[in-house]
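Peer 1: I'd like to ask you about the structure that follows.
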Amino acid sequence: MRLIGHLCQICQKEERIIILRLQWYLLVLLLQNTRALVCAASSLQSQVLTTQMPLGVLLTNRHYRSMPTHGIGKYRHLLPKALPKKKKERVQAKQIKAATATEFGVFNVCVSGYDMTLVEHYSQYIHNLCNHLDIRVDESCALPTKSTEVMVMQEQGTKMYVDAVLKTHERIVQISEMKATLFPIFMEVILKNQPEGVRLCLKQHTEADYQARFKTRPELEGLLAKINN
Amino acid sequence: MAAPFTRVYRPLWRIITTTILNKGVRNFSSTRQQWSALNVKTAAVASPWALHGAVCLQRLPLVSQNRSPIEEEFMELMHQMELERSLLSDHELRLLEDAARMSRKQEEDYDSDEEEEDYRDKEIVTAQDLEDIWEQKLKQFHPALRLQGVDEKGVSSSERCLAESLILLVKKDVGSQKLWLLPQTQWQTGETLRQTAERALASLPGADLKATFLGNAPCGFYKYKYPKDFQKEGSVGAKVFFFKAVLSSHKHLPLENNSFAWVKKDELQDFLKPEYLKQVRRFIMAL
């Protein structure tokens, strides 16, 4: 009787072990399936947007996406975003703002002279002063250098010969929307700091000034003339 | 470029052309005139303060300021550094080539055929000759003097202290006393305050001063009350608005000694009353 009882106990134990094992297998399977299902769901979402995949593929038991090393070699997301190359747009002429009762319109401060270091340093000084006083500077550019030949008449004779070549350098600082109350102070500062040998000129900015900076295109003009004629 | 000598070129003139800008500015003043005229018509009660427009006329510096010892040393140091870092210019290269050619010519085994095509048996103007010609020309050039030989202490000349800016002061009868003031006149109805200031400048006796006004906005303000015996029912005192102007023409007319003065900012305290000086100092820049 005891033997049978033992046997029965052993049987019960084994049964329990077997039951537990079965339960464990079920759990694992369930977990694997759910993980696979989750991966499948996300891949479904992405794949529905991109390609049409037959359903048989989703239900396979491929584990690579659930592997912890999935996507280990990815680097594209670390590189900076390379924007598509923008083609250089044609430079449009900016609208010249008109003057109001309290503000000046657009005007140019032209600095010119023979000594390039003085001219450049003075124009840089004006630009820095504007930045410091919160005055808007639209542009700060240079006009082409003009060469002047100084010709001297020979003492005995009528021929002239070249004595020297003087180069006039010119820099422009374009200012817009300057308050009329600030203007006298600004003018006084730049007048008092004007170096010797440098000419200062303030002009209203016009369309003609803007166009003067461009080079003429003789072939284009010739063709246009031909078309018109 | 490191040249063996530097040509000193310092013209003492400067041209300020603000003609086109002035046109723009005049547009502003005409609109302002209408505004002020309207205001006066609608104002029922005149204010008890008389309005005056004054002008702060400045003669800008003509010459750069003298350098302090530290600045001199630094400038020399920078020049030296620039010289040492620079490359030889075309002229200097030519000098060296000519010197080398001369030394080659002096040698005993000189073969003129070995010389380059251009320099064989030709009379060339060497770079040294050019340099000598230029030095001669430089000796003939005399730059203008930094000091014009005018008495620096006497305040009546506008040629004194060329390195600093000077302000015009005028001696005027105010009430019973003679005071040194910036030129001013009373404001009349129908004109802008800037026009008052221009009139004040033009009405100075014996002086033909051409000035450019910098803008329509006044730069300073001074208020004073009349002494008790002068105060009537309508008038309590006067308000003076200052406008900045820059002297543009240099007519060396002999101004009367006792009524005009060109002073620097630090000399103002010898001439002006303390209260007046305090307000005037605020808008005069000593740069």
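In order, the protein sequence lines correspond to chains A and B.
Start counting the first sequence at 0; every next residue gets the next number (numbering that gives the first Met the number 0).
Start counting the second sequence at 0; every next residue gets the next number (numbering that gives the first Met the number 0).
A virtual CB, placed ideally from N, CA and C, is assigned to each residue, including glycine.
Since the structure is predicted, the reported quantities are computational estimates derived from the model, not experimental observations.
Counting C-beta neighbours from all protein chains within 10 Å, is the total for B:H78 16 or more, i.e. buried, or is it exposed?
Peer 2: exposed
Peer 1: Could you list which residues in chain A have their beta carbon closer than 7 Å to that of B:V245, in chain order?
Peer 2: L190
Peer 1: Do you know how far the Cα of B:W186 is from the Cα of A:Q123?
Peer 2: 41 Å
Peer 1: Assign B:M284 to one of three DSSP states: helix, strand, or coil.
Peer 2: coil
Peer 1: Whose Cβ in chain A lies nearer than 7 Å to the Cβ of B:N215?
Peer 2: Within 7 Å Cβ-Cβ: A179.
Peer 1: Is it buried or exposed, B:S175, if we count other Cβ atoms within 10 angstroms and call 16 or more buried?
Peer 2: Answer is exposed; the Cβ neighbour count stays below 16.
Peer 1: On the DSSP bridge assignment, give the partners of B:H51 in chain order.
Peer 2: B:Q185 and B:V239
Peer 1: My assumption, with CB atoms under 8 Å, is that A:G196 sits in contact with A:G104. Please give the rounded CB distance.
Peer 2: With a beta-carbon spacing of about 30 Å, A:G196 and A:G104 fall beyond the 8 Å limit used to define contacts.
Peer 1: Using alpha carbons as the reference points, say which of A:K225, A:R198, A:I16 and A:A211 lies closest to A:C229.
Peer 2: This structure does not reach residue 229 of chain A, given that chain A is present from 0 up to 228, and the question cannot be answered.
Peer 1: Can you pull the chain B neighbours of A:P183, defined as C-beta to C-beta under 7 Å?
Peer 2: L213, G214, A216, C218 and K243
Peer 1: Would you say A:M115 lies against chain D (beta-carbon separation less than 8 Å)?
Peer 2: Protein chains in the displayed structure are A and B, and chain D is not among them.
Peer 1: Just list the residues that DSSP pairs A:Y258 with in beta bridges.
Peer 2: In the structure as shown, chain A starts at 0 and stops at 228, and residue 258 of chain A therefore has no counterpart that could be examined.
Peer 1: Count Cβ pairs between the region 182-198 of chain B and the region 51-66 of chain B that sit closer than 8 Å; are there 3 or more?
Peer 2: yes
Peer 1: At the 8 Å Cβ level, is B:M284 part of the contact set with chain A, yes or no?
Peer 2: So, interface residue.
Peer 1: Give me the chain B residues within the contact set of A:E138, using Cβ-Cβ distance strictly less than 8 Å, ordered along the chain.
Peer 2: The contacting residues do not exist; A:E138 stays about 18 Å from chain B at best.
Peer 1: Spell out whether any CB of chain B is found under 8 Å from the CB atom of A:E195.
Peer 2: yes
Peer 1: Indicate whether the contact test is met: 3 or more Cβ pairs, each with one atom in the region 92-102 of chain A and one in the region 155-174 of chain A, closer than 8 Å.
Peer 2: no
Peer 1: In whole angstroms, give me the CA-to-CA distance for B:E107 and B:E81.
Peer 2: 40 Å
Peer 1: Assuming B:L246 and B:R58 make a contact with CB atoms under 8 Å, what is their CB distance in whole Å?
Peer 2: 5 Å
Peer 1: Is the Cβ of B:P182 closer than 8 Å to any Cβ of chain A?
Peer 2: no
Peer 1: B:S63 versus chain A: which residues are under 7 Å apart at the beta carbon?
Peer 2: P194 and E195
Peer 1: How far does the beta strand (DSSP E) with A:Y160 in it reach, from first residue to last?
Peer 2: M159 to S175
Peer 1: Would you be able to state if there are at least three C-beta pairs under 8 Å between the region 177-191 of chain B and the region 142-155 of chain A?
Peer 2: no
Peer 1: Which residue or residues does DSSP assign as beta-bridge partners of A:K178?
Peer 2: A:E102
Peer 1: What does A:T229 pair with, by DSSP beta-bridge criteria?
Peer 2: Residue coverage of chain A in this structure runs from 0 to 228, which leaves residue 229 of chain A outside it and unanswerable.
Peer 1: Over the uninterrupted beta strand (DSSP E) stretch that includes B:L180, give me the two end residues.
Peer 2: Q176 to L180
Peer 1: Cβ of A:E187 less than 8 Å from any chain B Cβ?
Peer 2: Yes, because at least one Cβ of chain B sits closer than 8 Å to the Cβ of A:E187.
Peer 1: Pair every Cβ in the region 133-152 of chain A with every Cβ in the region 163-170 of chain A, then say whether three or more of these pairs are closer than 8 Å.
Peer 2: yes
Peer 1: Could you say if the region 87-106 of chain B and the region 122-132 of chain B meet the contact criterion of at least three C-beta pairs nearer than 8 Å?
Peer 2: yes
Peer 1: Any Cβ of chain A within less than 8 Å of the Cβ of B:P60?
Peer 2: yes
Peer 1: What does B:S88 reach in chain A if we use C-beta pairs closer than 9 Å?
Peer 2: What B:S88 touches in chain A: nothing, since even the nearest Cβ is about 15 Å away.
Peer 1: If we define contact as Cβ-Cβ less than 8 Å, is B:S156 a contact residue for chain A?
Peer 2: no
Peer 1: Near A:A97, which residues of its chain fall below 8 Å by C-beta distance, leaving aside the five closest residues on each side in sequence?
Peer 2: Closer than 8 Å at the Cβ level, and outside the excluded window around A:A97, lie G104.
Peer 1: Which chain A residues are close to B:S164, counting only those with a beta carbon under 8 Å from its beta carbon?
Peer 2: K191
Peer 1: Out of curiosity, what's the CA-to-CA distance linking A:W23 and A:H76?
Peer 2: Our two residues, A:W23 and A:H76, have alpha carbons roughly 40 Å apart in a direct line.
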